[in-house]
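Reading through the structure tokens given below for one structure.
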Amino acid sequence: MSDNKVRVRFAPSPTGGLHLGGVRTVLFNYLFAKKHNGTFVLRIEDTDQNRYVEGAEEYIINCLKWCGLNPDESPVVGGPFAPYRQSERKALYREYAEKLVRQGHAYYAFDTPEELEQQRKDIPNFQYGMAYRDGLRNSLALPEHEVEQLLNAGTPHVIRIKMPEDETVHFNDMIRGDVTFETNTVDDKVLLKADGMPTYHLAVVVDDYLMQITHAFRGEEWLPSAPVHLLLWEYLGWKANMPQWAHLPLILKPDGHGKLSKRDGSRLGFPVYAMNWTDAKTGELTPGFRELGFLPEAFVNLLAVLGWNDGTDQEIFTLEELSQKFSMDRVSKAGAKFDFEKAKWFNAEWIKRSSAEDLQDYVKAIFTAKGITVSDDASLLKVIDLVKDRCVLLTDFYDQASYFFAQPENYDLNAVKPKWTDAKTELFHTFVTQLQETQNWDAAELETSFKALLTEKGFKIGDAMLPFRVMLVGGKFGPHVFDIAVMLGKEETIARVKKALAAFTA
Ligand code: GLU
């Protein structure tokens, strides 16, 4: 297959927020497409109207945008195989289901939901399949004329695949190698529903075929569906065009026991969704990595190495680098444990590596949300450079930098009051005078004269440096205190020392 024919797809159902496993599926599709100069398609699989959730499609599209993983073809940008929303393709699936019925690979089933419910009650582990289908109301069991009557009368019915008996089907998974299934273990899945909508099983095969998908990557949880899909590819006469499949390893809970779920996130206190998701029906908010303060570059990077590596110790990758280096044969079969501390490490590394200009808009947005307006962009850039090594999350910029733009309202009095003395009050009054007289507002010079004053008055450096910091910052943190003073400027530094002195001696 020549490179320029590679076509991959991400095919989410719009049923809720996007789990980080889903974003990793997007990422691997995207990277594979980029590596092979191929096309990345976004197809919305919304044929299950009962599970449809308002706003989910838009949310998914926005997540992809935030991560910088934009599709080449989608319901938004269109493309040669439009429409890309399966509900809008409803009319085209029936013909394939009917073809399967004519071939004897599928059949009409007229059982009502109530009848099926009864079967489930009567028979433990009931499956609609070879064991029971002969006793049920379907076109395999009923006489032909009755089936015709039912169809002519417009009786609601579904079309089910007829799973063959005693067959072994297999395919070659790009990650797992040869995978085999016994057809006897699989039930007769519904292909076309009573409302005329295809199920996932039929729609995914028809659309992968019609959209000329060459490689289909999806989560491991879809592996049990593969035998149904394989048979459909075969029965519809398309086997030669079947995409190469790769079932991606699960993302596991931090302890390695089972798939990481939404509930694990709230239990352990970290997000599992890409962005905040509010369920329109319940109003429930599920937190996302974006709002917690992750950079998209870091998020993409940490997902890339959950189950993939380039064969070296390298951990930090740009999207560009990943697009060149990614290959399916370095994706592991085993599930990858999610480690939130490591995820934060990636973010801290990305904040360190980003320029102040790159971070500026994020920081401004965080400040604005907290009511701090920054009018001087040049100062903001300097401040970002001063503190970015101390920030793990973008939201840390608020604690680490907001004091540059707003005087502290509260002070860490416990850090200063127990050791406060009248002599210190005196010292800082003198320091204020000294600051007022300082001509050259430079960090090194300020430090030299402050230290000289301390020596002259008989103080140790440590006795006065911490209170000075708390005066400017409010707490015991931040970069070099004289760098802070320089950033604040002479007037503001003096104002803060005076204001704090009042609070310390109150
Ligand atoms: N609609 C399926 C999902 O929600 C797609 C699975 C596949 O890629 O085949 O994940």
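Residue numbers (the working numbering): 86 to 591. All C-beta atoms in this analysis are idealised placements derived from N, C-alpha and C, irrespective of residue type, glycine included.
For residue i and residue j, I'd like the C-alpha separation in whole angstroms.
| i | j | result |
| --- | --- | --- |
| Arg-128 | Tyr-285 | 12 Å |
| Lys-90 | Glu-267 | 33 Å |
| Val-571 | Val-472 | 14 Å |
| Arg-218 | Leu-337 | 38 Å |
| Trp-318 | Arg-170 | 21 Å |
| Ser-87 | Val-416 | With a pLDDT of only 44 at Ser-87, under the threshold of 50, the placement of this residue in the model should not be trusted; the figure read from the coordinates follows. The alpha-carbon atoms of Ser-87 and Val-416 are separated by roughly 22 Å. |
| Glu-382 | Leu-388 | 10 Å |
| Ala-508 | Asp-497 | 20 Å |
| Thr-100 | Lys-502 | 56 Å |
| Tyr-320 | Ser-172 | 24 Å |
| Glu-369 | Phe-379 | 22 Å |
| Met-556 | Asp-484 | 15 Å |
| Ile-451 | Cys-476 | 13 Å |
| Trp-323 | Phe-113 | 25 Å |
| Phe-355 | Gly-262 | 34 Å |
| Ala-588 | Tyr-447 | 33 Å |
| Gln-399 | Leu-277 | 48 Å |
| Ile-298 | Asp-470 | 46 Å |
| Leu-185 | Leu-316 | 11 Å |
| Ala-191 | Val-111 | 33 Å |
| Lys-575 | Val-558 | 15 Å |
| Val-264 | Phe-256 | 6 Å |
| Phe-553 | Phe-374 | 36 Å |
| Ala-226 | Asp-273 | 14 Å |
| Phe-211 | Arg-94 | 34 Å |
| His-104 | Gly-547 | 49 Å |
| Pro-209 | Ala-419 | 33 Å |
| Val-468 | Glu-405 | 29 Å |
| Leu-391 | Leu-335 | 9 Å |
| Asn-394 | Arg-187 | 48 Å |
| Tyr-213 | Glu-200 | 12 Å |
Taking 7 Å as the line, does the beta carbon of residue i fall inside it for any heavy atom of the ligand GLU?
| i | result |
| --- | --- |
| Val-289 | yes |
| Ala-383 | no |
| Glu-130 | yes |
| Pro-312 | no |
| Trp-39 | Outside the displayed span of the chain (86 to 591) sits residue 39, for which this structure offers no information. |
| Ala-141 | no |
| Tyr-358 | no |
| Ala-96 | yes |
| Tyr-294 | no |
| Ala-389 | no |
| Ala-301 | yes |
| Tyr-285 | yes |
Report the CB separation of residue i from residue j in whole angstroms; it is logged as a contact under 8 Å.
| i | j | result |
| --- | --- | --- |
| Gly-106 | Pro-97 | At roughly 11 Å, the Cβ-Cβ gap does not stay under 8 Å, so Gly-106 and Pro-97 are not in contact. |
| Val-271 | Val-313 | 6 Å |
| Trp-526 | Ala-359 | The pair is not a contact, with the Cβ atoms about 45 Å apart (cut-off 8 Å). |
| Ala-609 | Leu-221 | Not covered by the structure: residue 609. The range shown for the chain is 86 to 591. |
| Met-215 | Asn-269 | 7 Å |
| Leu-333 | Phe-302 | 6 Å |
| Val-126 | Glu-158 | 5 Å |
| Ala-116 | Leu-407 | Rather than Ala, the amino acid found at residue 116 in this sequence is Leu. At roughly 5 Å, the Cβ-Cβ gap stays under 8 Å, so Leu-116 and Leu-407 are in contact. |
| Gly-140 | Ala-365 | 5 Å |
| Asp-424 | Pro-339 | 6 Å |
| Met-282 | Thr-132 | 5 Å |
Indicate whether residue i and residue j have their beta-carbon atoms separated by less than 8 Å.
| i | j | result |
| --- | --- | --- |
| Gly-153 | Trp-362 | no |
| Arg-92 | Met-296 | yes |
| Leu-551 | Ala-500 | yes |
| Phe-562 | Leu-531 | no |
| Leu-429 | Gly-341 | According to the sequence as given, residue 429 is Lys; it is not Leu. The answer is no: Cβ separation not under 8 Å. |
| Asp-474 | Lys-437 | yes |
| Glu-442 | Leu-466 | yes |
| Arg-174 | Pro-165 | no |
| Ile-146 | Val-161 | yes |
| Leu-512 | Ala-549 | yes |
| Ile-579 | Gln-521 | yes |
Closer than 8 Å, CB to CB, is residue i near chain D or not?
| i | result |
| --- | --- |
| Glu-576 | Absent here is chain D; the protein component of the structure consists of one chain. |
- Message: For the stretch 346 to 359 against the stretch 281 to 298, do three or more pairs of beta-carbon atoms, one drawn from each stretch, fall closer than 8 Å, so that the two count as touching?
- Response: no
- Message: Check whether the stretch 422 to 440 and the stretch 450 to 461 touch, using three or more Cβ-Cβ pairs below 8 Å as the test.
- Response: Verdict: no, contact absent.
- Do the stretch 407 to 416 and the stretch 106 to 120 touch if we need at least three Cβ pairs shorter than 8 Å? yes
- Given 8 Å as the limit, is there contact between the stretch 240 to 247 and the stretch 174 to 188, that is, 3 or more CB pairs closer than that? yes
- Pairing CB atoms from the stretch 198 to 210 with CB atoms from the stretch 224 to 241, are three or more of them under 8 Å? no
- Query: Quick one: any contact between the stretch 578 to 588 and the stretch 486 to 506, if contact means 3 or more CB pairs under 8 Å?
  - Reply: Touching, yes.
- Message: Using 8 Å as the cut-off, can you tell me whether the stretch 534 to 546 makes contact with the stretch 516 to 524, which would need three or more C-beta pairs spanning the two stretches below that distance?
- Response: yes
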